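**Q** I am attaching a structure below and will ask some questions about it afterwards.
Structure below.
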């Protein structure tokens with residue numbers, strides 16, 4: 001029995017045990033991040049990049065963004081030292097490392113913020129971290145990697161709008177048309193661009209000659225899920241008529257030290273697994289992208305928000321025969337059948353890196 005389970009059974013102890021638990025987590029995070037900062041290979045008089053919001057959880061899509069951001073930095077800023085900062089070492093803690101950051105950050109340092117669903121109040125503390133860093137360091141050039149934007153509370157939206165819009169050194173990238181429109185509304189005085197998710201730079205980088213068979217489902221199990229488990233299991237059952245080989249998984253994995261230390265290996269293994277199937281069915285945005293990196297056609301299921309469906313717009317005119325958005329589960333089955341029997345393999349070509357990310361440093365410099 002865990003400490004939390006014990007506390008739940010002893011209601012008077014629940015709150016103090018929970019407080020103690022998070023206090024200990026705060027201390028351990030502070031110690032770990034302080035050590036990382038001290039041992040970081042930064043040059044107090046040289047060129048440094050501070051990468052804020054590095055992913056330390058088990059979502060493979062977010063971790064893939066981290067891998068791609070690091071590769072992009074290494075390719076385009078080879079002479080810079082990169083210092084990675086966790087969100088929870090800056091906010092959501094009693095022991096922030098702000099004092100240490102103030103001592104070492106120079107106005108000439110470049111800031112890069114983690115991509116993803118982080119300009120939001122739906123969960124996590126990334127948006128709070130953005131506001132904190134932008135407020136404390138107004139003179140540094142900053143790049144907000146492609147974001148999905150959504151706020152439930154207009155007060156939170158207003159706070160973010162006021163703080164980020166005041167920073168003339170910030171380039172804000174939105175990763176879908178809905179978020180782009182919202183960014184233009186929230187940040188009228190700074191540069192805003194529509195940009196694909198950085199994980200798209202993995203598309204066109206590899207070729208698989210696997211004999212493909214079966215259907216793979218990459219399905220979420222969180223608040224963004226639109227269809228019920230019963231509905232999804234019914235779809236999977238129907239697909240068993242097409243093939244006996246069916247796999248269901250998610251891009252959220254069990255958190256482990258190996259996952260964080262050997263992230264690129266896990267991502268490569270995931271892509272290789274996808275490459276063994278004739279078709280992917282997913283309501284995960286990065287499930288879509290990683291499948292395309294594997295050369296596997298994708299049927300996209302809608303979610304409770306716009307992220308996945310509007311994200312598919314990036315592939316129009318580029319991968320039209322390989323990416324399909326299903327309006328409902330009946331259409332999803334029809335599309336799965338069509339793609340399964342066509343048995344197409346994606347012709348891989350490197351588009352998103354050359355057309356977007358190789359040009360991004362130029363946009364950053366040309367303020």
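In our numbering, the protein residues as written are 1 to 367.
From the three backbone atoms N, C-alpha and C, an ideal C-beta is built for every residue, glycine too.
Here the structure is a predicted model, which is why all the values come from computation and not from measurement.
#1: Flag this pair as yes or no: are the beta carbons of residue 91 and residue 125 separated by less than 8 Å?
#2: Could you tell me if residue 145 is buried or exposed, where buried requires 16 or more neighbouring beta carbons within 10 angstroms of its beta carbon?
#3: May I have the straight-line CA-CA distance separating residue 48 from residue 97, to the nearest angstrom?
#4: Within the chosen definition, does the segment 245-256 reach the segment 57-73 through at least 3 CB pairs nearer than 8 Å?
#5: Please state if the CB of residue 279 and the CB of residue 236 are separated by a distance shorter than 8 Å.
#6: For residue 140 versus residue 165, is the C-beta distance shorter than 8 Å?
#7: Is there contact between the segment 192-207 and the segment 252-266, where contact requires at least three CB pairs shorter than 8 Å?
#8: With which residues is residue 52 paired in a DSSP beta bridge?
#9: Just list the beta strand (DSSP E) runs in the segment 239-312, keeping only unbroken ones of 3 residues or longer that don't cross its boundaries, in chain order.
#10: For the alpha helix (DSSP H) that residue 341 lies in, which residues bound it at each end?
#11: Under the three-state reduction of DSSP, which class applies to residue 191: helix, strand or coil?
#12: Pull up the distance between the alpha-carbon of residue 163 and that of residue 133, whole angstroms please.
#13: When the Cβ atoms of the segment 169-184 are set against those of the segment 205-224, are three or more pairs found closer than 8 Å?
#14: Can you tell me whether residue 155 is buried or exposed? The criterion is at least 16 other CB atoms within 10 Å of its CB, across all chains shown.
#15: Any idea which residues DSSP pairs residue 215 with across the strands?
#16: Tell me whether residue 122 sits in a helix, a strand or coil according to DSSP, three-state version.
#17: Flag this pair as yes or no: are the beta carbons of residue 290 and residue 346 separated by less than 8 Å?
#18: For the alpha helix (DSSP H) holding residue 104, just list the boundary residues, first then last.
#19: DSSP three-state label for residue 174, please.
#20: Residue 143 and residue 112 look like a contact to me (Cβ under 8 Å); what is the Cβ gap, rounded to whole Å?
#21: Under the rule that 16 or more other beta-carbon atoms within 10 Å means buried, what is residue 57, buried or exposed?
#22: Within its chain, find whatever has a CB closer than 8 Å to the CB of residue 131; leave out the 5 residues flanking it on each side and keep chain order.
#23: Whole angstroms are fine: how far does the CA of residue 121 sit from the CA of residue 150?
#24: Note the first and the last residue of the continuous alpha helix (DSSP H) segment covering residue 431.
#25: Check each candidate in 68, 77, 87 and 78 and name the one with the smallest Cα separation from residue 54.
#26: Can you check which of these residues, 281, 330, 218 and 147, is closest to residue 322 by C-alpha distance?
#27: Three-state secondary structure (DSSP) at residue 65?
**A** By the coordinates alone:
#1: yes
#2: buried
#3: 18 Å
#4: yes
#5: no
#6: no
#7: no
#8: 85 and 113
#9: 246-249, 279-282 and 298-300
#10: 329-342
#11: strand
#12: 10 Å
#13: no
#14: exposed
#15: 246 and 279
#16: coil
#17: no
#18: 98-104
#19: strand
#20: 5 Å
#21: exposed
#22: 159, 160, 163 and 164
#23: 7 Å
#24: Absent from the structure is residue 431, since the part of the chain shown begins at 1 and ends at 367.
#25: 87
#26: 281
#27: helix
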